[in-house]
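The structure appears below as structure tokens.
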Amino acid sequence: MELAGDNNGVNMNIPEINFDGGEDGYFPITGPVTVPLTINQSQVLFGGGDVGDCVSPVRLIVFINDMPFEVTAGLFNVKESFGNNAILINSFGQPILTDEFGVTLQPLQNGAVYYLVSILR
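Numbering (the numbering used here), first residue to last: 2 to 122.
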């Protein structure tokens, strides 16, 4: 197949794409594709109050012990992620405060550096 029009003197041979399926063609998707995602209510951001304004969870990159981790924006469960004896220390040497369940009182900051330490009990 040759494209018509001004090609600056270059012949462009572009193969024809068969959208009807079949050999070497593309098969149309007949139904919606669903990807499972487990989130809790605090991880969903609302733009206005209408369900249609709801957007998917925002993902952040934080560095823990110099390794990049992708986390959901919002509160972070340290115990669930790293165990009962784990605490996070920020780059200023201050511990990240958590409740009795290990959930941070403040969200982790995008691009921030944290250090994971284990306390002995």
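Idealized CB from N, CA, C, for every residue including glycine.
Inter-residue Cα distance where the pair is residue 110 and residue 58:
Translated into positions along the sequence shown, residue 110 becomes position 109. Translated into positions along the sequence shown, residue 58 becomes position 57. Each residue's Cα considered, the two are about 15 Å apart.
Between which residues of its own chain and residue 117 is the CB-CB distance below 7 Å, once the five residues before and five after are set aside?
By 1-based counting over the sequence shown, the position of residue 117 is 116. Excluding sequence neighbours, residue 117 sits near 65, 66, 83, 87, 89.
Local Cβ density within 10 Å of residue 77, reported as buried at 16 or more and exposed below that:
Position 76 of the sequence shown, counting from 1, holds the residue named residue 77. It is buried - the Cβ of residue 77 has at least 16 other Cβ atoms within 10 Å.
What residue range is occupied by the uninterrupted alpha helix (DSSP H) comprising residue 82?
Numbered from 1 along the sequence shown, position 81 holds the residue referred to as residue 82. 79-83 is the span of the alpha helix (DSSP H), which, as asked, contains residue 82.
Rank 74, 79, 93 by C-alpha distance to the C-alpha of residue 120 and give the top, closest one.
What you label residue 120 is simply residue 119 of the sequence shown in a count that begins at 1. With distances taken between Cα atoms, residue 120 lies closest to 79.
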